[in-house]
Each structure stands twice: as C-alpha cells, then as structure tokens.
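Residue numbers (my numbering), protein chains in the order written: chain A, 1037 to 1695; chain B, 19 to 123.
Think of the CB as a built atom: it goes at the ideal place given N, C-alpha and C, for glycine as much as any other residue.
Worksheet: one structure, shown below.
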Amino acid sequence: MKYSSIPARGIRGGHVKPDLRVALAGQANVGKSVIFNQLTGLHQHIANWPGTTVDKAEGTLYYKGLIMDVIDLPGIYSLTHLSIEEKISRDYIAREKPDIVVNVVDATALERHLIFTLQLLELERPLVLVLNMMDLAEKYGIKIDVDALREELGVPVITTIATRGRGVAQILDAAIELHRTGYSPKKIRYGKEVEERVERLEAALGEIDLPYPRRWIALKLLEKDEEIWGLVRERNPRVIELASELITELENIHGHDSSIIIANERACIASQIARRCIRIVKPRKPTLGDRFDEIATHPILGYVLAAIIFAGLFLIVFGVGGIIAEIFEEYLSEIMRDAWVHVLGINPISEVCWSAIESILFLLGLAIPYILPLYFLTFLLENWGYLARVSFLMDSLMHKAGVHGKAVIPMLLGFGCNVPACLAARIMDTWRERIITILMTTLVPCSAVTVVVMGLVGRYLGASWVIGLYLLALLIAFILGSIASRILPGVPVELIMEMPSYKVPSIKTILTMTWIRLREYLEIAAPLIIAMGALVKVLEISGLLDLISSALSPVTSSWLGLPRETGILLIFGILRKELILTTLAALLGTIDFSQALTPNQMITLSIVTILYIPCAATISVLLKETGAKTTLTIVLAEISLAILLGGIASKFLLTLGIS
Amino acid sequence: MSLMRVPLTSLSEGQEAVIVEIAFGGPPSSAGFWGGLRRRLGWGWRGGGGPGCGAVKRLADLGILPGAKIKVIRKAPLGGPIEVEVHGSRFIIGRGLASRIIVEA
C-alpha cells in the first residue's frame, strides 16, 4: 500500500490530532532526510526549534487509515549533549515522548552507529531500527544478519535503500505494528562497575521530578552531563554528592575520565553486537570513489579540481542566471511598470507602492535565476559527498581565521549570494564558529558586488585590478575572522567530521531541499526588502535623500574623494548593491562612467561597495541568525571599515600617482 | 619489538595502530594581549574544561576511544586535518586534535 503525504498546514489548521507521532533520529549522512522527504514529499513544514536557528522539519502523511506526524530530528552524532542539535533531539525524545522513534543508521558502518542506537535506547521510547544504504553495504561485501540484530536488541529492524525508495513503506508498517503490539526491548547492561553505581544512583534519585527515565539520569550523572547535573542539583543536592563520590571511584578503577569510561562501555557492547551480526564476506576493495579521492584530496590536484568544480558552478549560476534575470528585469518589470502607471498614474503614493512591488520583483529576480541554481548545485555536491573533501583541503587555511574547514562552504557560497551563505553557516557546530563564519561571509564579494566591480574597475582598469580587490576583500575577511576568534568567548572547536563515501545524488531530495530553502529565503528576506524599497522611495520623493547625501559629503567627498552624489548611491546600495551602478548611470545620464569617475574614484568606490553594510536581504538573515545586537555590531564595524580603508586606499593610490 | 606510544599525527599514511589515550588540553589562557582583552570584556571562556574537552567526548561517541583500532588514510597538506578509518567509517580530524590522540604502534 502506498503512503500519501498530506499538506501539513491543512492538518494544523484543522487541528486534527495525528494517530501516531514518529520521530526520525540518526547521525549525519545516513540518508535520514532522504527518508523524510520520501515520506512527506513537499508537504513538510519547516520552522525553527524554539529559541534556536536549527531547522525543525515536520510533515504529515496518511497511511493505512492513520494520520501520522513525522518529525525529522537534526542529524547528530550522539546524545551526550554538546551542540544545540543534540540537546534538541534528546529533549524532544525525552519530553515530547513521540510514539515511535525511527533510528536511521548507515548499514556500511553499523558498529559505530550502534553506539548512537544504544544511547537512543537509554531514552526508553519505542524504537524501530532502519538499516539504510543496504546496496552500498552489499557492494562493500558486508553481510548483516538482520534476524540476529533484531534478537540482540529486541527491536524491529528494517532494511532500506532510501535513495530508490525501497523499504520506506515498511518503516511505517513496523512503526504501526510496534505501536499496536507494544515494545519489549532487550535490557542493555554495561560492565559490573558501572551498573552497580547506576543502581545506587537510581535508588538515590527516587521519584525525582524530571521527564527523563531514571536509569538515563543516573547514566548522565556518571557521564558528568552539565545540564542533568544542574537539574538534579536543584531538586536533590544529595544525589550530586553521591554521584561525585561514585565518579571518583570509577575513575580510580579505570584511570580514565568517567564520561570516557561509559562511552567505552557503549562502544564495547556495540562491537560485541556487531561481531555477532556482521560478516565481511569479501575484503573492501578500493572503490571508484576511493580512486577518485586520490585526486580529490591530492595536495595539488585536489585544489585544481576544487577550483574547476567551483568555477564551473559559478559559471553555470551566472550564465543561466544572467539570462533569466534579464527576462525579469527587461520584460516583466517593464510590462508591470507600464501597467501600473497606466492604471494608477504617477503620484507619490503610487510611486512608493511601485517601489515596494519592484522590491518583490527584484527578490524573485534574485531568487529564481541565481539562488535557485546555486542551491541546487550546492546540494548536488553535498549529496554526492564532495563538500567534505573541500573542508578537508581547506581546513588548515581556515584555521588562520580561527574556524575549521567546514567554514569554507558558506564562504564559497558567498561569492554567489551572501544570503544563502549566511544561512549555510548553520553547519558550524557552535555559536562562536557560526558568528565568525557569518562575519567573514558578509565580506565575500557576492554577484551583485561583482557587477559593480566589473562595471567600474574591470571595464576601465583591467582584470588584474579586479583580482587585487578580491584578494584584498578575502584578506580583510581573514583578518576580521582572526580578530573575532581571539576575542569571542568560547573554546575553538577542531574539525571532527565524517568523510562520507560518494553516493549517487538523489535528485528528488535535492529538489525538495532546494525548494524548501528557496522558500525560507523568500520568507526571511521579503519583509525587510519591501520595507526598505518603500522607505528609500519616500526619502527620494520627499527630498530627504539629497539632504542625507549632503550630510554625508564630509565623508564621501572630503575623506573618500568621491563625487557629491555618492551618498545617494550608497543608500540605494543598501537595497541591493548593483543599484550603485544603475543609479550612477541614471544620475550621469550615460553608462560611460569614465567621464564622471577617475580611476582612483572607481577603485575607492569599489572598495567601499565590497566592504560597507551588507545588503538589506543579508541584514534580514543576520537578524534572524544572530540577533539584533550582533547584527548591529557587524553592520557598524563594516561601515567604519569601508570608510577607513576606502579613504586610506584613495590617499595611497594618489601617492602612487593614480588620481 | 616493543610498541611505542606516539601521537596519531606521527603515523604515516596507511599505517594502523591502537589508541591508548586521548590527552586533555590545559586550561585556556587569559594571558597575553587577546586573553587580556577577552578578560576585560568579561567574556572569558564558556564551557570550561579547556580546549578539546568536549572534543574527547565527541570522539568517544564516534567510537574513537582507547582500545579502538585506527588507520591513517591520508594527511592533508600544510598541517591540515588527518583522515582516519575507525570501525570501517572514515573521519577527518583536525591536526591539533589528532596530535592529542596517543596510539601504540
């Protein structure tokens, strides 16, 4: 029987209670989101987990007469609370108590994934174990005795090849079956020394008022979990005293930190189970992926390949984007403008409203031609497994800025558009790493900045100047990142990530993710862009724009040495940076900028354009991702930097004889 | 031949070893110019436990802990990360962290 997804919003609006709430849990790169997308299709609802910027993906589906709510918990490595994602997942399972937890694991690396499965079992929710990527496991010569595994754990075990949709419906069958018949997992017992202490803690805990299972609390106390430690102390400080004693005993016996002892216990059990259930029928031969990796991670060829791949990516994005964007700007915008003027005439109010509409058109004109292919291609590279290789190659360089190799992905996206790039900074593990990455990303020259730089410097002074300016921008990004990493609180995190094996990308998943991200982008950016569009028009009509521009002239004219109207340009540039060029053309009445600007002014204006204030759409994202205070700090810092460096560059170029 | 205890970083590509210890880092410094600035801003260090303390737990959750067999697949150029294989899965680990993984080889 086929499952069909139903619009989540419809259910929510109608307040229909789901018959079954299913949570998908698993580590990163196991194909969990593929399964989620197979189940829910486009009828998923993406929000944020309260108080965080972590995606909360939820969908509803209809299967065998039941309405099922499926929630995709963030992909994580453990429930030993470290990152926001991990806290979210374990809190959801422990507090919201979903009817069924579906644990998706990678069949090719079962032993490691079982460690996580054991942690999930400790939370004592009914669990279905899904062995995904069975095709790859077979290819690698790994035979898994599913019945033995079922026996060992006492939970239903399903095998799937999610990218081909195989076995996905059986997950639902198993979930329903488990819900009907009840749940009887095998009790997982750790070594004697640990178990004795868990029992003593459990007894001491008594009927403590916490939503977690008692055994789990006891284990977390022994693992020195900060959050649980605090929660228990508030309720029963004597348990904490006992826990400290027991931890000291354990550490004396084993000579390791207690959290490592317990992690070790889990790893041992996982390895015992793996030994009973897994047979390697043939040794792993070097696969095509392994051979490709010889090039992809090669000290020289690797960088060449990465340069080719990303150059290709941006060529496609700008090439395809340019054509579609032209249609938007030239035809759609003009036709609508004519119709608008025809119906409403030209008066201040209609002009302000038109400006707002123009902003929406612009937003679509950016989203569809540029951001859509950018997202699609990036997800393609990620799904294939290539992006991890780029992180591997770039890690040591990114360390110079105090972040690790994963930060290179948002920065690369930044060359296309800063908006998806700042959103991509979510892949960083901690708040600190995220802020540094976002700060650096906003300094990467995006496609709109490229239009300005190419239109001025590229056209009149040549490509070497453009490359120079780009290198300058990246250098500044690295210096600022490095300063931020030194003063921001928190401990620098080193790179620990899985090197996924190459997979055939699942186009359906990529399309779904692209669509969802695109929608998110529109939802975040639209309000501020529309408001700013209208505001600038009001300023222009009321004549305030000229006033502001003259008020800015000590900075723009005297210090930066730019024409008097530059203030107007820079205000329009906040809306979208390529407007700096179009507004300049409109003010001059020509597109031959060499008549109005000296080479010195072109370079200075380009530097200011690259550095000053992120555009309105980026500011919207910054507000959402980092909050008002950090956004304001970044905006003010970048404006000051633009003024400072622009002025210095102008004076420096004069001494070189470039006026 | 007796076994030597060496940091993971000193193994060559393709070499296999058994992890014996993961060494903790010392407490973070508030000395020097940047440390002083951080202290004056009242930002200090969140999390505590010194750099790498959380990382040890994270490694443990991936099965990278004392007793596990670890194989160096490749090392990134310029002091970059190390790719390793543990329990049939491959990971990349930053060089600094990898230098605290002590192995017997």
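CB contact check: residue i to chain A, cutoff 8 Å
i, result
"residue 74 (chain B)", "yes"
"residue 23 (chain B)", "no"
"residue 78 (chain B)", "yes"
"residue 37 (chain B)", "no"
"residue 29 (chain B)", "no"
"residue 119 (chain B)", "no"
"residue 26 (chain B)", "no"
"residue 81 (chain B)", "yes"
"residue 32 (chain B)", "no"
"residue 64 (chain B)", "Because residue 64 (chain B) sits at a pLDDT of 40, beneath the cut-off of 50, its placement in the model cannot be relied upon, and the following sentence gives the value as read from the coordinates. At least one chain A Cβ lies under 8 Å of residue 64 (chain B)."
"residue 45 (chain B)", "Legend: pLDDT at residue 45 (chain B) = 45, less than 50; position of this residue unreliable, value from coordinates given subsequently. False, the Cβ-Cβ gap to chain A never drops below 8 Å."
Bridge partner(s) assigned by DSSP for residue i
i, result
"residue 1168 (chain A)", "A:1142"
"residue 1081 (chain A)", "A:1094"
"residue 92 (chain B)", "B:101"
"residue 1163 (chain A)", "A:1137"
"residue 1602 (chain A)", "Partner(s): none; residue 1602 (chain A) has no beta bridge."
"residue 1776 (chain A)", "A question about residue 1776 (chain A) goes unanswered here, because the residues of chain A that appear run from 1037 up to 1695."
"residue 35 (chain B)", "B:88"
"residue 111 (chain B)", "A:1532 and B:100"
"residue 1062 (chain A)", "A:1140"
"residue 1202 (chain A)", "A:1197"
"residue 1179 (chain A)", "A:1315"
"residue 23 (chain B)", "B:122"
Presumed contact (8 Å Cβ cut-off) between residue i and residue j, rounded CB distance
i, j, result
"residue 37 (chain B)", "residue 102 (chain B)", "Between residue 102 (chain B) and residue 37 (chain B) the Cβ distance is about 10 Å, and since that is not below 8 Å, they are no contact."
"residue 1258 (chain A)", "residue 1234 (chain A)", "7 Å"
"residue 1408 (chain A)", "residue 1554 (chain A)", "6 Å"
"residue 1441 (chain A)", "residue 99 (chain B)", "7 Å"
"residue 1157 (chain A)", "residue 1192 (chain A)", "So it is not a contact: roughly 13 Å between Cβ atoms."
"residue 1565 (chain A)", "residue 1395 (chain A)", "5 Å"
"residue 86 (chain B)", "residue 24 (chain B)", "About 16 Å; that fails the 8 Å criterion."
Within-8 Å CB hit, residue i to chain B
i, result
"residue 1428 (chain A)", "yes"
"residue 1531 (chain A)", "yes"
"residue 1132 (chain A)", "no"
"residue 1473 (chain A)", "no"
"residue 1145 (chain A)", "yes"
"residue 1534 (chain A)", "yes"
"residue 1373 (chain A)", "no"
"residue 1064 (chain A)", "no"
"residue 1148 (chain A)", "yes"
"residue 1151 (chain A)", "yes"
Pair within 8 Å by beta-carbon distance, residue i and residue j
i, j, result
"residue 1634 (chain A)", "residue 1589 (chain A)", "no"
"residue 1302 (chain A)", "residue 1155 (chain A)", "yes"
"residue 1573 (chain A)", "residue 1353 (chain A)", "no"
"residue 1062 (chain A)", "residue 1164 (chain A)", "no"
"residue 1425 (chain A)", "residue 1333 (chain A)", "yes"
"residue 1126 (chain A)", "residue 1159 (chain A)", "yes"
"residue 1005 (chain A)", "residue 1136 (chain A)", "There is no way to answer for residue 1005 (chain A), as the model of chain A reaches only from 1037 to 1695."
"residue 1598 (chain A)", "residue 1631 (chain A)", "no"
"residue 1393 (chain A)", "residue 1360 (chain A)", "no"
"residue 1538 (chain A)", "residue 1328 (chain A)", "yes"
"residue 1299 (chain A)", "residue 1147 (chain A)", "no"
"residue 40 (chain B)", "residue 74 (chain B)", "yes"
"residue 1350 (chain A)", "residue 1401 (chain A)", "no"
"residue 1502 (chain A)", "residue 1464 (chain A)", "no"
"residue 1194 (chain A)", "residue 1166 (chain A)", "yes"
"residue 1124 (chain A)", "residue 1070 (chain A)", "no"
"residue 1429 (chain A)", "residue 1343 (chain A)", "no"
"residue 1180 (chain A)", "residue 1196 (chain A)", "no"
"residue 1678 (chain A)", "residue 1657 (chain A)", "no"
"residue 1296 (chain A)", "residue 78 (chain B)", "yes"
"residue 27 (chain B)", "residue 92 (chain B)", "no"
Any non-hydrogen atom of the ligand NAD within 7 Å of residue i CB
i, result
"residue 1221 (chain A)", "As for the ligand NAD, it is missing from this structure, which has no ligand bound."
### Task
May I ask you to list, following chain order, the residues of the segment 87 to 106 of chain B that have a beta carbon less than 7 Å from some beta carbon of chain A?
92, 94, 95, 96, 97, 98, 99, 101, 105 and 106
#### Entry: Residues within the segment 1432 to 1465 of chain A neighbouring chain B, beta-carbon criterion of under 8 Å
1432, 1433, 1435, 1440 and 1441
### Message
Output needed in chain order: residues of the segment 1288 to 1303 of chain A with a Cβ under 9 Å from some Cβ in chain B.
### Response
1292, 1293, 1295, 1296, 1298, 1299, 1300, 1302 and 1303
### Task
Could you run through the segment 1311 to 1342 of chain A and flag, in chain order, every residue whose CB is less than 7 Å away from some CB of chain B?
Close to chain B, meaning a Cβ-Cβ distance shorter than 7 Å, are the following residues of the segment 1311 to 1342 of chain A: 1333 and 1335.
### Message
Short of 9 Å Cβ to Cβ, which residues in the segment 1626 to 1654 of chain A face chain B?
### Response
none
### Task
Identify each residue in the segment 1243 to 1266 of chain A for which the Cβ-Cβ distance to at least one residue of chain B is less than 7 Å, and report them in chain order.
none
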